[in-house]
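Working notes for the structure below.
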């Protein structure tokens with residue numbers, strides 16, 4: 001079993017749609033959680049950290065359920081510029097530990 | 112540009128050759144990481160330095176791979192006797208510093224193709 005598993009993609013949605021990404025992780029000792037965004041042939045960039053209380057940044061909402069070892073990302077009113085691969089990431093030892101990435105879910109937003 | 116930089120950006124080599132990649136982290140960051148990413152997969156951890164000390168190495172890092180960070184600033188990753196399976200994007204990231212930030216910032220990567 002992979003340490004971090006994400007929904008298989010790709011997701012193809014029209015502009016303005018709401019899209020949700022799901023992720024599960026296997027190590028209950030995981031300390032910190034993130035969503036990274038990766039554009040085609042570019043490096044991953046931090047989109048947002050994920051907290052147990054849930055957090056929102058504009059059109060993006062992330063949720064963490066430690067009991068279920070489940071992480072989600074919701075994108076509302078999707079834009080063409082949201083097209084990218086979204087990577088679910090956990091860190092077992094924080095601060096300073098290695099990041100463990102899911103395989104990524106590709107999102108394509110169409111006009 | 113004060114971000115993480117990597118050199119070269121692309122490397123094409125023949126099987127059996129040695130290659131070396133360089134990473135320059137964000138200047139105040141004391142932690143430096145190497146990851147490898149193949150097509151359709153997320154990055155996989157290779158190794159990690161805090162200052163000049165190499166604190167962790169993945170089982171993915173065979174004897175042909177070696178990484179150094181001699182003065183706690185830039186790092187090099189060397190692959191000896193390259194194999195076609197080594198073809199991947201090699202990503203460097205850095206974090207830490209005076210503020211103790213945990214966010215890892217990635218460089219643009221070195222894309223290795225082994226023929």
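Residue numbers (my numbering), protein chains in the order written: chain A, 1 to 111; chain B, 112 to 226. Even glycine gets a Cβ: it sits at the ideal position worked out from N, Cα and C.
- Sequence-distant Cβ neighbours of residue 51(A) in its own chain, meaning closer than 7 Å and more than five residues away, are 64.
- In the pairwise beta carbon analysis, the segment 132–141 of chain B is classified as touching the segment 205–219 of chain B: at least three pairs are separated by under 8 Å.
- Chain order gives no chain A residues near residue 201(B), where near means a beta carbon separation below 8 Å; the closest approach is about 11 Å.
- Counting only residues of its own chain and dropping the five nearest sequence neighbours on each side, residue 144(B) has a CB closer than 6 Å to the CB of 159, 204.
- Note on residue 146(B): 16 or more other CB atoms within 10 angstroms of its CB, so buried under the neighbour-count rule.
- Taking a cut-off of 8 Å on C-beta distances, the segment 113–124 of chain B does not touch the segment 158–178 of chain B, as fewer than three cross pairs fall below it.
- Each residue's CA atom was taken as its position, placing residue 191(B) and residue 103(A) some 27 Å apart.
- Pairwise C-beta distances place the segment 14–24 of chain A out of contact with the segment 178–196 of chain B, as fewer than three of them are shorter than 8 Å.
- In summary, the residues of the segment 124–155 of chain B whose CB is separated from some CB of chain A by less than 8 Å are 142, 144, 146, 151, 152, 153, 154, 155, in the order they occur in the chain.
- The beta carbon of residue 59(A) sits closer than 7 Å to the beta carbons of 75, 76, 77 from its chain, once the five residues preceding and following it are set aside; these are given in chain order.
- For residue 83(A), the three-state secondary structure derived from DSSP is coil.
- Burial state of residue 40(A) is exposed, judged by a 10 Å Cβ sphere holding fewer than 16 other Cβ atoms.
- Rounded to the nearest angstrom, the gap between the Cα atoms of residue 193(B) and residue 2(A) is 27 Å.
- Here the alpha carbon of residue 176(B) sits roughly 10 Å from the alpha carbon of residue 130(B).
- Between residue 107(A) and residue 44(A) the beta-carbon gap is near 14 Å, outside 8 Å, which marks them as no contact.
- Using a Cβ-Cβ cut-off of 8 Å, residue 181(B) does not count as an interface residue toward chain A, since no Cβ of chain A sits closer than that to its own.
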